[in-house]
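Q: After the structure tokens below, expect a handful of questions from me.
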Amino acid sequence: MKINLRTILIIIILLTTISLLFQQVLVQLYLVLISLGLILLSSHRKKNMKSLQQRFQGLIKLFVILFLMQIIFRNEGNVYMEWGIVKITDQGVNYGLISTLRITLIILLAALLFQRPFYDYLLAFHSWHFPYEISFLIASVINFIPTYRSQFLTIKENLYLRGIYFRKLTLFQRFRTVSQLIFPVLSRALLQVKDRAIALELRGFRLYKNRTFIYEHKLAVWDWLIQLFCLLLLVFIVKGQIL
Amino acid sequence: MLKLVDVSFAFGKNQLLHHLDLQLLPGEAVWLQGPNASGKTTLLNIIATIIPRFIHGNFSGQVFWQDTNLHELNFPQIATVLGFLRQHPQQQLFFPKVEQELAFGPENLRKPAEEILATMEEVCNQLQINSLLQVETAKLSFGQKKLVALAANLMLKAPILLLDEPAVGISTNNLHLIKQVLLKEKERGKILVIADHLPVWYDLADRILPMSELR
Amino acid sequence: MIEFKNFSFSFPEQEIFRGVNLRFPLKKPVLIQGDNGSGKTTLARIISGLIPDYSGEILLKKKKLADFTETEFADKIIYIKQEAEQNFVAATLEEDLQIWQHGFSQIEKVGEERSRKKTFSKLKLTEISQRLIWQLSGGQRKRGSLAPLLLPNNKIWLLDEPAAGLDALSVKILLQLLKEKRAIIFSNRKSIYESLNPLEMEIVEKKIIRIN
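Residue numbers (this note's numbering), protein chains in the order written: chain L, 180 to 422; chain F, 3 to 217; chain P, 2 to 213.
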């Protein structure tokens with residue numbers, strides 16, 4: 180199923196709003212499950228799940244540390260256990276769970292956003308009547324990551340072709356390698372940004388405030404329904420919480 | 003008429019162009035010849051006004067298309083005057099799909115969708131890249147990227163086309179295609195400026211300009 | 002000697018090679034031709050070890066590439082990519098060649114400086130070896146990308162369109178270097194390499210076929 184990017188964006192706004200307004204473990208857990216479901220529904224399921232798995236493996240230490248910090252530094256509420264100054268309280272555990280779940284949610288939502296090609300963003304913002312230049316700017320940010328990723332990969336490849344293995348270097352050697360690479364990499368990146376800007380304008384970018392599009396992403400019926408439902412829910416929740 | 007008036011350019015101590023005057027009529031193809039680093043790309047950059055807008059050096063002179071001084075235009079307006087196939091096709095491709103890439107120029111010029119699609123069909127037929135339209139640009143080979151970048155510039159339908167090393171990395175079959183396309187554009191009145199040291203443009207060029215004579 | 006046994010490779014949405022069985026000696030230059038997009042660069046990347054997930058076998062001097070250790074590729078093969086700027090990691094040709102010689106360590110071995118100087122003078126790069134690479138012209142960068150070939154080595158050269166963007170004089174220098182070398186050249190400009198009298202192959206319809 181191909182969900183329109185506009186629908187995804189609205190769902191994400193709703194999910195983050197709920198996550199901010201409700202401080203309950205169960206609510207946060209539901210949000211995580213919903214966004215996981217959305218990723219499973221999306222078109223590149225296999226590839227996404229693999230990269231998500233890698234990301235979480237990398238972050239697992241951070242999660243544990245964050246969880247422990249919350250438990251140790253929150254002292255309010257009923258005490259479960261106590262050793263000297265260290266107190267484990269129900270609120271501490273609660274907050275620990277909530278913040279871990281929230282970070283998980285952020286990672287999942289980011290994965291949802293970054294899986295879309297940046298052209299989809301241009302179309303989405305266009306249909307919301309955003310100014311073209313601003314749409315392009317936001318969309319370019321999405322494009323930024325793959326561009327730099329490929330630059331990084333090229334360097335890694337070239338080191339490999341010269342028989343230099345970053346993983347096998349000592350910490351000191353790594354530091355020296357990076358410090359020698361950083362100037363050329365940054366210079367090239369800056370130059371690339373400039374070349375890109377020139378090349379874009381050589382094809383008439385920013386000639387007018389607006390431009391035509393050869394195609395647009397039409398909304399399907401379920402897109403309309405989901406968007407409507409989300410917006411109503413959003414209004415209802417915000418009204419209930421604030422007024 | 004494309005007219006360069008008293009153009010000089012030096013980069014550091016390196017004097018690349020010295021009081022150059024050049025006039026090109028519609029339908030004329032000029033071939034800039036010269037070894038590496040002789041200033042071929044520099045001259046194209048000057049015609050496209052990238053020098054002095056973005057590359058700073060010691061520049062003087064003027065560039066005119068008809069009665070318009072190109073230095074007085076906004077840079078994006080240059081796209082209505084000329085297309086420029088640059089040396090590295092990678093730098094000129096931005097979009098996920100080839101089709102989006104080709105449409106980008108005329109979309110910016112606010113051409114209606116039907117017209118863009120018709121032009122796209124024509125250009126793709128000529129260069130035989132129809133099968134690439136839905137392919138991701140990042141997955142193309144160097145030669146294919148070059149073909150797509152050329153197509154994207156043809157989509158602009160500008161009266162001048164600058165080509166920096168158009169034959170490099172292009173197979174013999176595709177070079178033949180490119181020549182046919184350029185010949186047709188020339189007959190329609192387009193001005194072509196080709197910078198290339200490969201000896202393959204004799205049958206297309208009306209004039210050969212050795213860079214050594216421009217210093 | 003390089004040998005392909007039932008070798009196939011596909012990208013997620015595109016098949017590039019199907020069931021290639023082929024072997025050829027590596028005593029003199031080999032030219033592999035093919036149309037734009039036929040898979041020349043992909044093949045170079047596979048042989049250099051950058052793409053390991055092909056099926057079938059490739060053997061170099063009777064040893065499977067799949068059994069190569071990480072450093073073995075760099076010891077036996079030198080691969081120069083088609084787009085000159087994709088080959089560099091440092092800011093100047095001088096620094097880049099130093100990294101080829103001794104990695105990121107600051108210790109120079111005897112003779113390394115001399116062999117750099119010799120390399121640059123042979124390729125007419127001496128004047129520009131200290132300049133920033135991204136300020137060089139396209140042709141100069143291309144010549145610079147060939148510099149590591151001249152460092153003392155006994156490797157097999159994998160060259161992807163090594164003459165593309167070079168002027169006549171530089172092509173002449175390149176051809177001199179290539180004479181009788183164990184090199185695989187990927188190019189669709191056969192005429193340039195004719196004087197080398199290379200072994201000729203062509204990639205046609207997902208196969209690699211021998212022409213002479």
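Ideal placement from N, C-alpha and C gives every residue a C-beta, glycine not left out.
Predicted, not measured: the structure shown is a model, and the values here were computed from it.
Taking the alpha-carbon of Ala140 (chain F) as reference, which of F:Pro91, F:Glu187, F:Leu45, F:Pro212 has the nearest alpha-carbon?
A: The sequence position of residue 140 (chain F) within the second sequence is 138, counting from 1. Answer by Cα proximity: F:Pro91.
Q: Measuring straight from C-alpha to C-alpha, what distance separates Val32 (chain F) and Val170 (chain F)?
A: Here residue 32 (chain F) is taken as the residue at index 30 of the second sequence, counted from 1. Here residue 170 (chain F) is taken as the residue at index 168 of the second sequence, counted from 1. Roughly 18 Å separates the two Cα atoms.
Q: Can the beta-carbon of Pro114 (chain F) be found less than 7 Å from the beta-carbon of Gly383 (chain L)?
A: Translated into positions along the second sequence, residue 114 (chain F) becomes position 112. Translated into positions along the first sequence, residue 383 (chain L) becomes position 204. No, the pair does not count as a contact, with Cβ atoms beyond the cut-off.
Q: Going straight from the alpha carbon of Glu195 (chain P) to that of Val31 (chain P), what length do you get?
A: Translated into the one-based positions of the third sequence, residue 195 (chain P) becomes position 194. Translated into the one-based positions of the third sequence, residue 31 (chain P) becomes position 30. Cα to Cα, Glu195 (chain P) sits roughly 11 Å from Val31 (chain P).
Q: What number of angstroms, rounded off, separates the C-alpha of Val183 (chain F) from the C-alpha of Thr42 (chain P)?
A: Your numbering for residue 183 (chain F) matches position 181 in the second sequence. Your numbering for residue 42 (chain P) matches position 41 in the third sequence. In a straight line, the C-alpha of Val183 (chain F) is about 27 Å away from that of Thr42 (chain P).
Q: If you compare alpha carbons, which of P:Gln141, P:Gly104, P:Leu137, P:Arg117 is closest to Leu348 (chain L)?
A: Sequence index remark: in the first sequence, residue 348 (chain L) carries index 169 (1-based). Answer by Cα proximity: P:Gly104.
Q: Would Gly35 (chain P) be called buried (16 or more neighbouring beta carbons within 10 Å of its own) or exposed?
A: The residue you call residue 35 (chain P) lines up with position 34 of the third sequence. Gly35 (chain P) comes out buried.
Q: Using the Cα positions of His308 (chain L) and Glu395 (chain L), report the straight-line distance between them to the nearest angstrom.
A: Sequence index remark: in the first sequence, residue 308 (chain L) carries index 129 (1-based). Sequence index remark: in the first sequence, residue 395 (chain L) carries index 216 (1-based). Their backbone Cα atoms lie some 13 Å apart in a straight line.
Q: Between Ser265 (chain F) and chain P, is any beta-carbon pair separated by less than 7 Å?
A: Because residue 265 (chain F) is not part of the residues shown, which for chain F are 3 to 217, the question remains open.
Q: At least one CB of chain L closer than 7 Å to the CB of Ala85 (chain P): is that the case?
A: Stepping through the third sequence from its first residue, residue 85 (chain P) is reached at position 84. No, because no Cβ of chain L sits closer than 7 Å to the Cβ of Ala85 (chain P).
Q: At what residues does the beta strand (DSSP E) containing Leu218 (chain F) begin and finish?
A: Nothing can be reported for residue 218 (chain F), as the shown portion of chain F is limited to 3 through 217.
Q: Using a cut-off of 8 Å between C-beta atoms, extract the partners of Gln93 (chain F) located in chain L.
A: The residue you call residue 93 (chain F) lines up with position 91 of the second sequence. Simply Gln371, Asp374, Arg375, Ala378.
Q: For the stretch 384-415 of chain L, which residues have a beta carbon sitting closer than 9 Å to at least one beta carbon of chain F?
A: Phe384, Arg385, Leu386, Tyr387, Asn389, Arg390, Thr391, Phe392, Ile393, Tyr394
Q: Using the beta-carbon count (16 or more within 10 Å), is Lys62 (chain P) buried or exposed?
A: On the third sequence, position 61 is the one that residue 62 (chain P) refers to. Classification for Lys62 (chain P): exposed.
Q: Checking contacts by CB at 7 Å: is Val125 (chain F) closer than that to chain P?
A: Residue mapping note: residue 125 (chain F) aligns to position 123 of the second sequence, counting from 1. Val125 (chain F) does not count as touching chain P.
Q: Put Ala150 (chain F) into one of helix, strand or coil per three-state DSSP.
A: The residue labelled residue 150 (chain F) in the question sits at position 148 within the second sequence. The question names Ala, but residue 150 (chain F) is Val in the sequence shown. Here Val150 (chain F) sits in helix by DSSP.
Q: Quick one: is Pro98 (chain F) near chain P, going by C-beta distance under 7 Å?
A: Counted from its first residue, the second sequence places residue 98 (chain F) at position 96. Pro98 (chain F) does not count as touching chain P.
Q: Using a Cβ-Cβ distance cut-off of 7 Å, determine whether Ile176 (chain F) contacts chain L.
A: Translated into the one-based positions of the second sequence, residue 176 (chain F) becomes position 174. First, the residue type needs correcting, since residue 176 (chain F) is Asn and not Ile in the sequence shown. No, Asn176 (chain F) lies away from the interface with chain L (no Cβ there is under 7 Å from its Cβ).
Q: By Cβ distance, which residues of its chain are closer than 6 Å to Arg217 (chain F), with the 5 residues on each side in sequence left out?
A: Position 215 of the second sequence, counted from the start, is the residue given in the question as residue 217 (chain F). Leaving aside the five residues that flank Arg217 (chain F) on each side, the residues in its chain whose CB is nearer than 6 Å to its CB run, in chain order, His20.
Q: Our contact map puts Met3 (chain F) next to Leu34 (chain F) with C-beta atoms below 8 Å; I'd like the distance itself, whole angstroms only.
A: If you number the second sequence from 1, residue 3 (chain F) lands on position 1. If you number the second sequence from 1, residue 34 (chain F) lands on position 32. Incorrect: roughly 18 Å between the Cβ atoms, too far for contact.
Q: At a CB-CB cut-off below 7 Å, which residues of chain P make contact with Leu340 (chain L)?
A: Residue numbering aside, residue 340 (chain L) sits at position 161 when the first sequence is read from its first letter. Ordered by position in chain P, the residues that pass the 7 Å Cβ test against Leu340 (chain L) are Ser49, Ala75, Tyr80.
Q: So for Val172 (chain P), helix, strand or coil by DSSP?
A: Locating residue 172 (chain P) in the third sequence gives position 171, counting from the first residue. The three-state secondary structure of Val172 (chain P), taken from DSSP, is helix.
Q: For Cys126 (chain F), which residues in the same chain have their Cβ closer than 6 Å to its Cβ, ignoring the five residues on either side in sequence?
A: Indexing the second sequence from 1 puts residue 126 (chain F) at position 124. Around Cys126 (chain F): Asn132.
Q: Taking only beta-carbon positions, decide if Ala91 (chain P) is within less than 7 Å of chain F.
A: In the third sequence, the residue the question calls residue 91 (chain P) occupies position 90. No, Ala91 (chain P) does not count as interfacial toward chain F.
Q: Give a yes or no on whether the minimum CB-CB distance between Gln141 (chain P) and chain F is below 7 Å.
A: Residue 141 (chain P) sits at position 140 when you count from the first residue of the third sequence. Answer yes: the Cβ-Cβ gap between Gln141 (chain P) and chain F drops below 7 Å somewhere.
Q: Does the distance from the CB of Val21 (chain P) to the CB of Lys191 (chain P) come in under 7 Å?
A: Here residue 21 (chain P) corresponds to residue number 20 of the third sequence, with the count starting at 1. Here residue 191 (chain P) corresponds to residue number 190 of the third sequence, with the count starting at 1. Against a cut-off of 7 Å, the Cβ pair of Lys191 (chain P) and Val21 (chain P) comes out as no contact.
Q: Quick one: is Ser133 (chain F) near chain P, going by C-beta distance under 7 Å?
A: For the purposes of this step, residue 133 (chain F) is taken as the residue at position 131 of the second sequence. Residue-level contact by beta carbon fails for Ser133 (chain F) and chain P, as no gap is shorter than 7 Å.
Q: Nearest-angstrom Cα distance between Gln359 (chain L) and Gly140 (chain P)?
A: As a working note, residue 359 (chain L) is residue 180 in the first sequence. As a working note, residue 140 (chain P) is residue 139 in the third sequence. Roughly 26 Å between the two C-alpha positions.
Q: My understanding is that Ile79 (chain P) touches Leu159 (chain P), with C-beta atoms under 8 Å, so please give their C-beta distance in whole angstroms.
A: Numbered from its first residue, the third sequence carries residue 79 (chain P) at position 78. Numbered from its first residue, the third sequence carries residue 159 (chain P) at position 158. Indeed they touch by this definition, with Cβ atoms about 7 Å apart.
Q: So with CB distances below 9 Å, who are the chain F contacts of Ala169 (chain P)?
A: In the third sequence, counting from the first residue as 1, residue 169 (chain P) sits at position 168. Within 9 Å Cβ-Cβ: Pro37, His199, Pro201.
Q: Assign Arg144 (chain P) to one of three DSSP states: helix, strand, or coil.
A: Numbered from its first residue, the third sequence carries residue 144 (chain P) at position 143. DSSP places Arg144 (chain P) in helix when its eight states are reduced to three.
Q: Does DSSP put Glu206 (chain P) in a helix, a strand or coil?
A: Along the third sequence, one-based indexing puts residue 206 (chain P) at 205. Note: Glu206 (chain P) maps to coil in three-state DSSP.
Q: Which ranges would you report for the beta strand (DSSP E) in the stretch 27-54 of chain F if only whole runs of at least 3 residues count?
A: 31-35
Q: Between Ser143 (chain F) and chain P, is any beta-carbon pair separated by less than 7 Å?
A: Here residue 143 (chain F) is taken as the residue at index 141 of the second sequence, counted from 1. Nearest CB-CB separation between Ser143 (chain F) and chain P: below the 7 Å threshold.
Q: Could you check what DSSP says for Val237 (chain L) in three-state terms: helix, strand or coil?
A: Locating residue 237 (chain L) in the first sequence gives position 58, counting from the first residue. For clarity, residue 237 (chain L) is Gly in the given sequence; the question names Val instead. The answer is helix: DSSP assigns Gly237 (chain L) an H, G or I state.
Q: Can you list, in chain order, the stretches of the beta strand (DSSP E) that have 3 or more residues and sit fully within the stretch 76-156 of chain P?
A: 78-81
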